[in-house]
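For the sequence shown, the residue numbers in the working numbering are 78 to 253. Built from N, CA and C at the ideal position, the CB exists for glycine as well. Since we're looking at a predicted model, the values are computed, not measured. Remarks on the structure that follows.
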Amino acid sequence: MTRRIVLIWTVSIMASAAMVLSAMPRWRSAHEQASATSERMQDIARHVEALHALPEADAQAPISDRLLANRIASVVARAGLASGTIISVSPESERVLKTVGTTQALQRRATLTLQAPSLRDLGRFLSLWRDEEPRWVITAIDLKPQRSDAARGGDLPVLAVLTMTVHDARESEIKR
């Protein structure tokens with residue numbers, strides 16, 4: 078080979094090596110970004126699978142006040158408590174917590190006041206409520222003892238004010 082051909086090949090190899098080396102940081106950055114995106118997609122896929130595994134909601138529409146009162150009465154009856162145990166049910170209207178795209182995150186609260194014969198009876202109601210209505214989460218309990226001559230030597234009756242909350246997501250109607 079002539080000296081000129083060797084020089085051309087040497088310059089070509091050095092130029093190629095310089096181009097490859099200059100592209101390495103960008104390649105490394107793109108590779109890390111692709112790996113992070115792949116991990117995020119796998120995480121999202123796991124979340125979607127978990128959501129599909131959840132039981133379907135009874136209705137996509139918000140629960141009506143009457144239906145909520147009926148469900149509470151049903152659980153009270155299954156707990157072995159008298160229907161007069163329910164003093165009041167005060168559902169609030171649902172409110173939008175956040176909107177992402179066309180999906181709205183909703184919250185609905187209700188306050189339930191029970192005159193429970195004892196803490197044991199209240200506990201039985203709460204246990205059944207958690208089993209029967211897992212979407213409605215008891216977020217606060219305010220207990221007030223009720224003085225009674227009949228309670229001497231037995232369990233003290235209590236007035237229980239329960240605050241329950243349900244969270245939901247639904248597609249919003251786009252108004253134009």
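Residue nearest to residue 168 within the set 233, 188, 144 is 188 (criterion: CA-CA distance).
For residue 174, the enclosing beta strand (DSSP E) begins and ends at 172-177. Rounded to the nearest whole angstrom, the C-alpha separation of residue 246 and residue 183 is 6 Å. Around the beta-carbon of residue 210, 16 or more other beta-carbon atoms lie within 10 Å, marking it buried. In terms of Cβ geometry, residue 236 and residue 215 do not form a close pair [threshold 8 Å]. When the beta-carbon positions are compared, residue 202 and residue 243 stay at least 8 Å from each other. Here the alpha carbons of residue 185 and residue 175 stand approximately 13 Å from one another. Judged by beta-carbon spacing, residue 197 lies beyond the 8 Å limit of residue 219, meaning their Cβ atoms are not closer than that value.
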